């Protein structure tokens with residue numbers, strides 16, 4: 021039987037010999053860079069939160085590794101500092117926000133904070149955000165709600181990366197869907213934070229460096245033919261792969277996210293975000309948020325007991341002899357285990373990311389703290 | 021290049037030489053059987069609607085082919101006629117319903133009707149339903165909302181059919197998610213109606229009859245090992261297949277549906293529904309519904325224009341040389357094309373289903389109308 025994916029050994033091994041720092045050190049490094057990019061101290065602190073959460077939870081592609089791309093946005097004016105989140109439309113249960121080209125990291129938190137307040141008051145709330153920019157991990161915003169005791173939902177569209185079913189060209193983004201349910205005394209938070217494409221681009225780069233083939237069903241080449249050659253990569257397939265293995269469902273989910281974050285929010289669609297990116301124009305990314313109270317539907321104690329029972333039953337499922345894990349996991353469990361381990365042992369940062377942060381600190385005349 | 025999947029020839033060929041009937045004939049046949057099972061004329065008419073919608077849209081597994089399974093439920097008392105849909109909890113924006121073991125086909129429509137009314141009034145509404153039974157195609161309820169001009173969401177849990185990632189045994193149902201957006205002058209309804217497992221059991225039976233292998237990634241055998249042999253079928257994999265091709269995302273979606281329809285609604289989870297099925301106990305299935313107004317977020321005309329533009333762009337995507345379609349489709353488009361074709365040419369019913377309906381009519385002393 022495979023080993024536990026949640027053991028200290030497994031969690032440590034994932035990071036190899038990456039240096040570890042206190043969370044405070046990484047936070048101060050990120051905040052000082054954001055201040056150099058032009059954010060106020062308050063905004064820099066807000067923008068840093070989703071990055072620390074991503075690194076802590078092992079979603080390193082969306083942590084401090086992204087500081088350089090945010091710097092570029094502030095430099096070319098496509099991400100604006102010190103802009104308000106304004107309201108286009110509001111009802112007791114909904115808000116349509118305008119992020120005014122501010123950082124999605126900041127405007128996303130402001131929007132979700134308001135969604136949570138309104139949901140606490142009336143039972144549930146939904147919001148859209150238009151004219152926004154990259155907001156980091158979708159899961160962060162869903163977890164803002166679940167950590168307030170609510171169900172939380174968060175989506176964003178992104179530049180095109182995945183082909184629609186039957187298509188030969190990327191038209192939809194990674195377009196993630198995140199949904200989170202509150203932890204209980206006996207259960208971890210359920211956190212589903214998934215792109216609606218099969219995989220993320222970082223995995224293509226890993227395969228290229230290792231000169232290894234990628235799994236059948238991940239991608240098509242530039243002519244639209246399924247490929248396992250990472251150097252021939254043209255676009256991802258949607259979750260599910262090709263039509264035979266139900267990739268039309270992943271395509272439907274990716275398009276759903278694009279419809280809610282694009283046309284419903286009044287923002288761009290994925291294909292327009294890509295075009296704007298290359299043309300140097302405003303990103304015009306959209307987000308969709310929702311939150312609702314458990315007690316609108318059920319006594320929270322009864323809900324918690326049933327969730328605990330369901331999770332316990334799932335974890336006791338007989339394990340497949342081909343599984344890479346010694347038991348069935350609950351969505352979010354590996355990330356929560358990473359977070360707990362990293363809180364005890366320090367936050368790991370890959371050497372390549374440290375080098376990039378060092379270079380950024382030199383460029384922006386900011387003290388380098390990850391030495 | 022592949023042919024159009026939406027041509028009259030393709031739509032007709034799908035049904036082979038299945039006899040076709042007027043919608044009125046199939047409706048009257050279904051209603052007369054439901055009345056024989058003990059439903060009032062009004063309830064029989066309501067219960068028939070989702071079946072006709074399923075057959076019209078080419079989702080034949082959930083049409084009149086299911087009348088026998090409903091008959092069994094009414095006979096053994098696990099589906100009750102003439103029971104009210106009652107309210108456990110209600111706020112201005114939410115309702116927790118109890119279906120009291122009534123037909124999910126009927127109680128689902130009553131619940132969604134109330135959700136639509138409340139959403140029209142305040143902007144959005146969510147509902148759960150507990151103690152329910154099989155409600156047919158999830159898409160029907162989402163489309164009730166979209167045909168009223170709202171966004172509609174519908175989910176249900178079902179008996180276990182799919183293994184969780186790393187698991188060797190079915191623990192989650194087909195647990196479908198349906199989301200539907202209103203049609204506009206220029207665009208079809210977007211209808212995503214997807215099980216969160218890779219495929220449906222009917223496809224295993226088709227492969228068994230044809231003695232053909234099933235695609236890699238669909239299923240595991242009874243020991244939990246991936247298999248392409250339909251006779252070795254043990255459980256489906258979740259959408260995405262195994263862990264390498266992101267099946268953990270499909271598992272997360274299936275579990276999400278189980279959490280909203282089970283613990284949040286106060287109904288059973290998938291694995292309990294299966295156990296109850298075999299033990300002859302009450303089904304205790306749960307549903308989750310939501311609806312919201314477009315104009316809570318955006319001017320509906322602007323929304324419609326952006327949706328039309330996005331759909332037009334997607335349809336113009338270059339087509340993969342390996343595609344089975346001459347263009348990219350919008351989710352729901354094939355089903356809408358079937359519906360339009362069948363409205364013109366008559367509703368097709370497979371010969372095997374006609375034989376089963378004939379037998380039911382003899383058993384229940386009801387005039388047989390599909391001769």
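Chains as they are written, first to last, in our numbering: chain Y, 21 to 391; chain V, 21 to 391. Note that CB positions come from ideal geometry on N, CA and C, so glycine has one too. These numbers come from a predicted model, not from an experiment.
**Item:** Cβ contact check for the region 290-305 of chain V and the region 187-203 of chain V: 3 or more pairs under 8 Å
**Value:** yes
**Item:** Neighbour list for residue 31 (chain V) in chain Y, Cβ cutoff strictly below 7 Å
**Value:** By one-based count along the second chain, residue 31 (chain V) stands at place 11. Chain Y residues near residue 31 (chain V): none, gap ~17 Å exceeds 7 Å.
**Message:** Less than 8 Å between the C-beta atoms of residue 41 (chain V) and residue 90 (chain V), yes or no?
**Reply:** As a first step, residue 41 (chain V) is located in the second chain; it is residue number 21 there, counting from the start. As a first step, residue 90 (chain V) is located in the second chain; it is residue number 70 there, counting from the start. Their beta carbons are not under 8 Å apart, which means residue 41 (chain V) does not touch residue 90 (chain V) by this criterion.
**Asked** Hey, is the region 47-62 of chain V in contact with the region 339-348 of chain V, meaning 3+ C-beta pairs nearer than 8 Å?
**Response** no
**Asked** Using the rule of at least 16 other Cβ atoms within 10 Å of the residue's Cβ for burial, across every protein chain shown, is residue 269 (chain V) buried or exposed?
**Response** As a position in the second chain, residue 269 (chain V) is number 249, starting the count at 1. Classification of residue 269 (chain V): buried, given that the 10 Å Cβ count is 16 or more.
**residue 254 (chain V) - DSSP class collapsed to helix/strand/coil** = The residue given as residue 254 (chain V) occupies position 234 in the second chain. Strand, per DSSP.
**Request:** Identify whether residue 108 (chain Y) lies in helix, strand or coil by the three-state DSSP scheme.
**Result:** Taking the first residue of the first chain as position 1, residue 108 (chain Y) is located at position 88. Correct three-state label for residue 108 (chain Y): strand.
**Request:** Residues of the region 162-177 of chain Y with a CB closer than 9 Å to any CB of chain V: list them in chain order, please.
**Result:** 171
**Item:** Among V:318, V:366, V:299 and V:155, nearest to residue 111 (chain Y) - alpha-carbon criterion
**Value:** Locating residue 111 (chain Y) in the first chain gives position 91, counting from the first residue. The shortest C-alpha separation from residue 111 (chain Y) is found at V:318.
**Limits of the alpha helix (DSSP H) - the one that residue 323 (chain Y) falls within** = One-based indexing of the first chain puts residue 323 (chain Y) at position 303. Per DSSP, residue 323 (chain Y) belongs to the alpha helix (DSSP H) from 320-335.
**Item:** Contacts that residue 152 (chain V) makes with chain Y (C-beta to C-beta distance below 9 Å)
**Value:** Translated into positions along the second chain, residue 152 (chain V) becomes position 132. Within 9 Å Cβ-Cβ: nothing; residue 152 (chain V) doesn't reach chain Y, min ~14 Å.
**Message:** Starting from residue 29 (chain V), trace the alpha helix (DSSP H) in both directions and tell me its first and last residue.
**Reply:** The residue you call residue 29 (chain V) lines up with position 9 of the second chain. It spans 28-34 - the alpha helix (DSSP H) in which residue 29 (chain V) sits, taken as one unbroken run.
**Message:** Counting C-beta neighbours from all protein chains within 10 Å, is the total for residue 309 (chain V) 16 or more, i.e. buried, or is it exposed?
**Reply:** Counted from its first residue, the second chain places residue 309 (chain V) at position 289. So residue 309 (chain V) ends up on the buried side.
**Request:** Specify the secondary structure class of residue 187 (chain Y) as computed by DSSP and reduced to three states.
**Result:** On the first chain, residue 187 (chain Y) is found 167 positions in, with the first residue counted as 1. The answer is strand: DSSP assigns residue 187 (chain Y) an E or B state.
**Request:** Note the first and the last residue of the continuous beta strand (DSSP E) segment covering residue 305 (chain V).
**Result:** One-based indexing of the second chain puts residue 305 (chain V) at position 285. From DSSP, the beta strand (DSSP E) with residue 305 (chain V) extends over 305-313.
**Asked** Going straight from the alpha carbon of residue 368 (chain V) to that of residue 354 (chain V), what length do you get?
**Response** Walking along the second chain from the start, residue 368 (chain V) turns up at place 348. Walking along the second chain from the start, residue 354 (chain V) turns up at place 334. Spanning the two alpha carbons is a distance of roughly 16 Å.
**Endpoints, the alpha helix (DSSP H) within which residue 76 (chain Y) is located** = Counting from one through the first chain, the residue named residue 76 (chain Y) turns up at place 56. Residues 61-76.
**Asked** Going along chain V, which residues have a C-beta under 7 Å from residue 134 (chain Y)?
**Response** Within the first chain, numbered from 1, the residue matching residue 134 (chain Y) stands at position 114. By Cβ distance, chain V contributes nothing, its closest Cβ being about 14 Å from residue 134 (chain Y), past 7 Å.
**Asked** If we cut at 8 Å on Cβ distances, does residue 238 (chain V) have a partner in chain Y?
**Response** Start at 1 with the first residue of the second chain, and residue 238 (chain V) comes out as number 218. It does: the Cβ of residue 238 (chain V) has a partner Cβ on chain Y nearer than 8 Å.
**Asked** Do the region 232-245 of chain Y and the region 201-212 of chain Y make contact, defined as three or more Cβ pairs closer than 8 Å?
**Response** no
**Prompt:** In its own chain, which residues sit with a C-beta less than 7 Å from the C-beta of residue 141 (chain Y), not counting the 5 before and 5 after it?
**Reply:** Mapped onto the first chain, residue 141 (chain Y) falls at position 121. Result list for residue 141 (chain Y): empty, nothing under 7 Å.
**Request:** Output the distance between the C-alpha atoms of residue 107 (chain V) and residue 165 (chain V), rounded to the nearest integer angstrom.
**Result:** Taking the first residue of the second chain as position 1, residue 107 (chain V) is located at position 87. Taking the first residue of the second chain as position 1, residue 165 (chain V) is located at position 145. Roughly 20 Å between the two C-alpha positions.
**Request:** Kindly list the residues whose CB is nearer than 7 Å to the CB of residue 103 (chain Y), restricted to its own chain and excluding five residues on each side of it in sequence; keep chain order.
**Result:** Working through the first chain from its first residue, we reach residue 103 (chain Y) at position 83. Within the same chain, residue 103 (chain Y) has close Cβ partners 120, 121 and 122.
**Prompt:** Leaving out the 5 sequence neighbours to the left and right, which residues in its chain are closer than 6 Å to residue 276 (chain V) when beta-carbon positions are compared?
**Reply:** As a working mapping, residue 276 (chain V) is identified with position 256 in the second chain. Cβ within range, chain order: n/a, list empty.
**Item:** Same chain, Cβ closer than 6 Å to residue 150 (chain Y), neighbours up to 5 away in sequence not counted
**Value:** Position 130 of the first chain holds residue 150 (chain Y). Excluding positions up to five away in sequence, the list reads 118, 285, 286, 287 and 306.
**Prompt:** If you draw a straight line from the alpha carbon of residue 101 (chain V) to that of residue 94 (chain V), how long is it in whole angstroms?
**Reply:** For the purposes of this step, residue 101 (chain V) is taken as residue 81 along the second chain, with counting starting at 1. For the purposes of this step, residue 94 (chain V) is taken as residue 74 along the second chain, with counting starting at 1. If I take the Cα positions, the gap works out to 7 Å.
**Request:** Note down, in chain order, each residue of its chain lying with its Cβ closer than 6 Å to the Cβ of residue 45 (chain Y), except the 5 sequence neighbours on either side.
**Result:** Working through the first chain from its first residue, we reach residue 45 (chain Y) at position 25. Cβ neighbours of residue 45 (chain Y) beyond the five flanking positions: 389.
**Prompt:** Which residues of chain Y have a Cβ atom closer than 8 Å to the Cβ of residue 142 (chain V), listed in chain order?
**Reply:** By 1-based counting over the second chain, the position of residue 142 (chain V) is 122. Those within 8 Å of residue 142 (chain V) in chain Y are 111, 112 and 113.
**Asked** For a contact meaning CB atoms closer than 8 Å, what does residue 201 (chain Y) contact in chain V?
**Response** Within the first chain, the letter at position 181 stands for residue 201 (chain Y). Going along chain V in sequence order, the residues near residue 201 (chain Y) (Cβ under 8 Å) are 279.
**Asked** Can a CB atom of chain V be found closer than 8 Å to the CB of residue 304 (chain Y)?
**Response** Start at 1 with the first residue of the first chain, and residue 304 (chain Y) comes out as number 284. For residue 304 (chain Y), the answer is no, since every Cβ of chain V falls outside 8 Å of its Cβ.
**Prompt:** So, residue 156 (chain Y) versus residue 25 (chain Y), is the Cβ gap smaller than 8 Å?
**Reply:** One-based indexing of the first chain puts residue 156 (chain Y) at position 136. One-based indexing of the first chain puts residue 25 (chain Y) at position 5. No.
**Message:** In this structure, how does DSSP classify residue 233 (chain Y) when only helix, strand and coil are distinguished?
**Reply:** Along the first chain, read from residue 1 onward, the residue named residue 233 (chain Y) stands at position 213. Residue 233 (chain Y): coil per DSSP, three-state reduction.
**Prompt:** Listing by chain order, which chain V residues have their CB less than 7 Å from the CB of residue 209 (chain Y)?
**Reply:** Here residue 209 (chain Y) refers to the residue found at position 189 when the first chain is read from its first residue. Correct list: empty, because the minimum Cβ distance to chain V is about 12 Å.
**Asked** Beta carbon of residue 114 (chain V), beta carbon of residue 316 (chain Y): below 8 Å?
**Response** Counting from 1 along the second chain, the entry for residue 114 (chain V) is found at position 94. Counting from 1 along the first chain, the entry for residue 316 (chain Y) is found at position 296. A contact, by the Cβ cut-off of 8 Å.
**Prompt:** Hey, how far is the Cα of residue 179 (chain V) from the Cα of residue 249 (chain V)?
**Reply:** By 1-based counting over the second chain, the position of residue 179 (chain V) is 159. By 1-based counting over the second chain, the position of residue 249 (chain V) is 229. Each residue's alpha carbon lies about 23 Å from the other.
**Asked** Since residue 291 (chain V) meets chain Y, which of its residues come closer than 7 Å, beta carbon to beta carbon?
**Response** Along the second chain, read from residue 1 onward, the residue named residue 291 (chain V) stands at position 271. Those within 7 Å of residue 291 (chain V) in chain Y are 333.
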